[in-house]
Every structure is written in structure tokens, then in C-alpha cells.
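Engineer:
Numbering (the working numbering), first residue to last: 2 to 418.
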């Protein structure tokens, strides 16, 4: 079994990662070193059992490295070991980044999240909704009110992923599923076509997960006057030194992109087909490179995403760079669902879920924790009460039946003294 990096809690050695995030020992961080060592051991066991190909786990305590582990393989068949700087498809973890960008524009007076989307994207001024007729069909009616930017941020706009009552019309329009890397049109044009289709529910009627953040990406382009990739690079990635976060890879970086794995009919891990689809390497290297999906399009590393989350954990600043005000971060991490059905013990803020009641949630943590994940089985959370930032990266799609991330959480909190 390949174990790339020894426990920083035991070694506290100076490496590239440790130089950027100073290390903290388990003892000083309030953890048992013996119990913490069980987390990478669990991942090694999952690799040995052919349940995951490999993974990177980064845990920060008060901005210092508690765990920084690379386990298993980036490319199992080629024998390429997982590295701490391996690049992953982060899919829906893109959403938090886009949400931060929207809030930056609000702080600059460029927009208000209470604004109707149609103020910036005129095609959304008169949205429609598909209502099932009980006989296998549906009726199309007018939306009861305009969709707002806040609706998009909280996924209460009634916009799914093209699988609602009017799935046939979304399919005919070529818009179903969250993957756009193979599209040869800008996201602004894709969003323009979305607006002409019936939505899944009335705005503000409930939590409906879907294209909302892709639409926000188009709003950012219109309001800023810049392509989404350029805006993010200049305003977020460069200031936060997120050096490996981008929509598409240079050819020279192709070898750093982790391979996607799935499961065969027996549940065994299997390499997904190569190509330009969501499963292969090609779309992020050889694709058209013109569609910037704000909902699921970014690539990143555990290190980069850890820096992004640490900025939020710090109230909007990192290494002297102020991205958001503490008040804005507080607004983003508050529950905005107002009792709408969601997960037990949780609400949803402006870009991520928020823990409200750990008893109802049934998992260890603290109220005020916020986090989310991505389709390739990447997971993150920030726990302000305990000063924890947790980033777990692997590439398994679908990840049906995998409980590794939940076990890592339980073991992390169980290691506290």
C-alpha cells in the first residue's frame, strides 16, 4: 500500500504544504495522535479493499495542518501514486466559489441578491413552470413571481437538473445533467436556452437542486463584463493563491488530473471509459474550452480548496487578502430556507448546507458548521466552533454505498480529547 505522506501530527516536518499551512501537533490541537492515525489507515484499507482508488485528506485546525495525507493511486492501472497536489474534478464544490463571487459583487454595489434575475438576464423576466397533470403529462403555467438571485443562491428557484415534469423539453434542448465541459457554446448561451424551458417548481416553494449556480455564473459575466474564468482568476484565485483551480487544464498539467473510477455489477472499482464525457480525462484537456460551468465545472486541489475554505473560516480574509466582510460571511452561513424541507437538522445558506441541530442531524459536529460536496465523491466542511476545515478528495462516480467520508467525520470528532 502506498502512503505518500506520513502524519504531520507525528512528523511536523517542513514540506510544500506544511510551509503554507503551519503544522500543529495532535496534542496542541486537542486530539489523540493514536486516534487521528486511524483516519489514513481507514483510507488505506478502502484502497486495499478496492473500494476507492486513492484519496487526499486535508484537515486544518485553527489554520494549521492537523492531517495532510495522500493515499493510494491517482491512476491505479498505471501505478501512479496519489499526490497531495493531484488535481480533482470538484463538480458541485464549484458552487461555493460562485456564491462567494456573487457576494463580492453585492459588496461592491454591483447587484443585490434580492434583485430579480431578469434585471441582469432579461430572458428570465417571464419564467414558466411545468406542473404534472396526474396523467403522465404536464401543464405549463406562468411563474407566480420573478426568480431572485437569492433564490438561485439557496436553490429555491424551482430549477432542477432537467429531470422534472418537463424533462422531455429539457432533453430536446440538449440540457440535462450537470456536465458542460464538452459544450461548444458559452455558458451565457446555454443559460439563455434554459430560461425558455419550464422550471420544476414555483420560485420560493421549496429546495430544488439544479442549474441555479450555472445561472449565477452567467450573471457574474454580465455584471462584471468579463468571462467567468477571467473574473474568478483575477478576483479570487490569484488573491488566494489558488494556483491549480481552473475550468480546463493546460496540456502540460494533464498528468496531474486524477482518473475517474466507478463500480462494476459486483460493486468492484473499475476505471471509467476515456473520452470527453464526465467520466474521462479528455473534456478538461481536449474539449472546446468555452463553457464555464458555475455549477460544477472547476478543477482544484485539496490545498487550493483548503485555502478557499480557510478564507471563509477566517471571516472572509486570508494572508492579508480581504475577499468578503465578516458580515457577508455570516449572511452566507445562516439558514435561508425558513423551514422548507431539506436534510434533518440542517438548513441551506448562500452556497452550502448549514448545520442547525446535531441531534436531528445525527452526526457529530457543531451548529453553525457549513459544507457540501461534489458528484465525484469530494466532500468538505468548515466547523467554526472547533476551528476545523475538512477537505476530502477522491474520484468515484457514482459512489453508491461508500461510507468513507462519513466514517472520516466520525473518527475525526472521536479523536478529540
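We put the beta carbon where it would ideally sit given N, CA and C, even for glycine.
Beta-carbon within less than 8 Å of residue 368's beta-carbon, same chain only, minus the 5 sequence neighbours each way: which residues are those?
Structural biologist: Taking the chain shown and counting its residues from 1, the one referred to as residue 368 is at position 367. So the list reads 356, 357, 358, 359 and 386, once near-sequence residues are dropped.
Engineer: With C-beta atoms as the reference, is residue 295 less than 8 Å away from residue 217?
Structural biologist: Counting from 1 along the chain shown, the entry for residue 295 is found at position 294. Counting from 1 along the chain shown, the entry for residue 217 is found at position 216. Yes, the pair counts as a contact, with Cβ atoms nearer than the cut-off.
Engineer: Apart from the five residues just before and just after residue 301, which ones in its own chain have a Cβ nearer than 6 Å to its Cβ?
Structural biologist: The residue given as residue 301 occupies position 300 in the chain shown. Excluding residues within five positions, the ones whose Cβ falls inside 6 Å are 91 and 246.
Engineer: Runs of 4 residues minimum, wholly inside the segment 81 to 161: which ones carry the alpha helix (DSSP H) assignment?
Structural biologist: Here the runs fully enclosed are 95 to 108 and 150 to 155.
Engineer: Within the same chain, show all residues whose beta-carbon is closer than 7 Å to that of residue 262, passing over the 5 residues directly before and after it, in chain order.
Structural biologist: Counting from one through the chain shown, the residue named residue 262 turns up at place 261. Counting only Cβ-Cβ distances below 7 Å, and skipping sequence neighbours, we find 54, 270, 271, 272, 273, 396 and 397.
Engineer: Would you mind stating whether residue 70 and residue 57 have Cβ atoms separated by less than 8 Å?
Structural biologist: In the chain shown, residue 70 corresponds to position 69, counting from 1. In the chain shown, residue 57 corresponds to position 56, counting from 1. Cβ distance < 8 Å, so residue 70 and residue 57 count as in contact.
Engineer: Run through DSSP, which three-state label would residue 30 get?
Structural biologist: Sequence index remark: in the chain shown, residue 30 carries index 29 (1-based). If DSSP states are grouped into helix, strand and coil, residue 30 belongs with the helices.
Engineer: My output table needs one value for residue 358: the three-state DSSP class, helix, strand or coil.
Structural biologist: Locating residue 358 in the chain shown gives position 357, counting from the first residue. Looking at residue 358 - three-state DSSP - the assignment turns out to be coil, as it is neither helix nor strand.
Engineer: With DSSP collapsed to three states, give me the class of residue 224.
Structural biologist: Counting from one through the chain shown, the residue named residue 224 turns up at place 223. The answer is helix: DSSP assigns residue 224 an H, G or I state.
Engineer: With DSSP collapsed to three states, give me the class of residue 75.
Structural biologist: Along the chain shown, one-based indexing puts residue 75 at 74. Three-state DSSP puts residue 75 in a strand.
Engineer: Return the first residue and the last residue of the beta strand (DSSP E) that residue 372 is part of.
Structural biologist: Taking the chain shown and counting its residues from 1, one reaches residue 372 at position 371. Taken as a continuous stretch (DSSP letters only), the beta strand (DSSP E) holding residue 372 covers 371 to 375.
Engineer: Taking the continuous beta strand (DSSP E) assigned at residue 384, which residues delimit it?
Structural biologist: Taking the first residue of the chain shown as 1, we reach residue 384 at position 383. Here the beta strand (DSSP E) through residue 384 covers 379 to 384.
Engineer: Output needed for residue 418: all residues of its chain with C-beta closer than 8 Å, excluding positions within five of it in sequence on either side, in chain order.
Structural biologist: Along the chain shown, one-based indexing puts residue 418 at 417. Result list for residue 418: 31, 32 and 33, in chain order.
Engineer: Sorted by chain position, which residues of the same chain lie with C-beta nearer than 7 Å to residue 140's C-beta, five sequence neighbours on each side aside?
Structural biologist: As a first step, residue 140 is located in the chain shown; it is residue number 139 there, counting from the start. Around residue 140: 132 and 134.
Engineer: According to the neighbour-count rule (16 or more other Cβ atoms, all chains shown, within 10 Å of its Cβ), is residue 115 buried or exposed?
Structural biologist: Within the chain shown, numbered from 1, the residue matching residue 115 stands at position 114. By the 10 Å Cβ count, residue 115 comes out exposed.
Engineer: What number of angstroms, rounded off, separates the C-alpha of residue 8 from the C-alpha of residue 377?
Structural biologist: As a first step, residue 8 must be located in the chain shown, where it is residue number 7. As a first step, residue 377 must be located in the chain shown, where it is residue number 376. In this prediction, residue 8 scores a pLDDT of 39, lower than 50, which makes its location untrustworthy; the coordinate-derived value is nonetheless stated afterwards. Residue 8 and residue 377: Cα-Cα distance of roughly 25 Å.
Engineer: Can you list, in chain order, the residues of its chain whose CB lies under 6 Å from that of residue 59, leaving out five sequence neighbours each side?
Structural biologist: The count along the chain shown starts at 1 and reaches residue 59 at position 58. Closer than 6 Å at the Cβ level, and outside the excluded window around residue 59, lie 69, 303, 307 and 392.
Engineer: For residue 242 and residue 234, I'd like the C-alpha separation in whole angstroms.
Structural biologist: The residue labelled residue 242 in the question sits at position 241 within the chain shown. The residue labelled residue 234 in the question sits at position 233 within the chain shown. Distance between the alpha carbons of residue 242 and residue 234: 10 Å.
Engineer: Can you tell me the Cα-Cα spacing of residue 94 and residue 145, whole angstroms?
Structural biologist: For this step, residue 94 is matched to residue 93 along the chain shown. For this step, residue 145 is matched to residue 144 along the chain shown. So the alpha carbons of these two residues sit roughly 31 Å apart.
Engineer: Can you tell me whether residue 20 is buried or exposed? The criterion is at least 16 other CB atoms within 10 Å of its CB, across all chains shown.
Structural biologist: Here residue 20 refers to the residue found at position 19 of the chain shown. In this predicted model, residue 20 has a pLDDT of only 43, less than 50, meaning its place in the structure is not dependable; the value taken from the coordinates is given anyway. The residue in question, residue 20, is exposed, as its Cβ has fewer than 16 Cβ neighbours within 10 Å.
Engineer: So, with DSSP's three-state summary, where would you put residue 36?
Structural biologist: Position 35 of the chain shown, counted from the start, is the residue given in the question as residue 36. Of the three classes helix, strand and coil, the one that applies to residue 36 here is helix, per DSSP.
Engineer: Beta-carbon separation of residue 149 and residue 117 under 8 Å?
Structural biologist: Residue 149 sits at position 148 when you count from the first residue of the chain shown. Residue 117 sits at position 116 when you count from the first residue of the chain shown. Contact: yes.
Engineer: Alpha carbon to alpha carbon, how far is residue 104 from residue 331?
Structural biologist: Residue numbering aside, residue 104 sits at position 103 when the chain shown is read from its first letter. Residue numbering aside, residue 331 sits at position 330 when the chain shown is read from its first letter. When rounded, the distance between both Cα atoms is 12 Å.
Engineer: Taking its Cβ as the centre, do 16 or more other Cβ atoms sit within 10 Å of residue 401, making it buried, or is it exposed?
Structural biologist: Translated into positions along the chain shown, residue 401 becomes position 400. So residue 401 counts as exposed.
Engineer: Helix, strand or coil for residue 418 per DSSP?
Structural biologist: For the purposes of this step, residue 418 is taken as the residue at position 417 of the chain shown. The answer is coil: DSSP assigns residue 418 none of H, G, I, E or B.
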